[in-house]
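In full-length UniProt numbering, the protein residues as written are 1 to 207.
See below:
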């Protein structure tokens, strides 16, 4: 059980990290928040901005956050809860959805906070398969490739130094490696031998 004092420290820590990464970013559909209300687990959870620009939250119903900065949206959420709760201690951090496709064990849509590296996000999808090319991971945005990442060499700080951050609705694609695996080679060789045998039989039958 997290004590009240620890929850205050966590709130400050998350606020500093969130402002550093998202302070100037504009909130819109697809973006969301992980909200933790101390001593009120029924009010806590992960909530996303709908296409109409509203967050739909327990107890306080709707909060319009479209077009706001993270700080302004956070303040609006907390102020609404203050109308119903006495001195609430609330942690609000950003959350949004990205897609992970290609040679990963569990392709799909995942919720992240934005603090994760590309390799962290791929780990959420179960990690790469044996057929993956981890050196050629692509980040797609609006249908175009904005970055190529080697997940064994680059991390989130490397991307930020290049002016690249993971945003809502980005797609991370892990491509297949060019060279076949040993099992695939054996299948290819077996298939080739079978085809060669059939061709030889046909040729011999025609003689």
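Note that beta-carbon positions come from the ideal geometry of N, C-alpha and C, so glycine has one too.
Since the model is a prediction, treat every value here as computed from it, not as a measurement.
- Proximity to residue 33 across 70, 108 and 150 peaks at 70, based on C-alpha coordinates.
- Cβ neighbours of residue 118 within its own chain (closer than 6 Å, five residues either side excluded): 149 and 151.
- DSSP, read as helix, strand or coil, puts residue 46 in strand.
- Residue 108 and residue 174 have their C-alpha atoms spaced approximately 12 Å apart.
- Measuring C-alpha to C-alpha distances from residue 43 to each of 54, 114 and 59 identifies 59 as the nearest.
- Fewer than three beta-carbon pairs drawn from the region 112-126 and the region 84-92 are found closer than 8 Å, and the two stretches are therefore not classed as touching.
- With fewer than 16 other CB atoms across the displayed protein chains lying within 10 angstroms of its CB, residue 56 is exposed.
- The beta carbon of residue 132 sits closer than 6 Å to the beta carbons of 103 and 174 from its chain, once the five residues preceding and following it are set aside; these are given in chain order.
- For residue 78, there is no enclosing beta strand (DSSP E); the enclosing alpha helix (DSSP H) covers residues 70-82.
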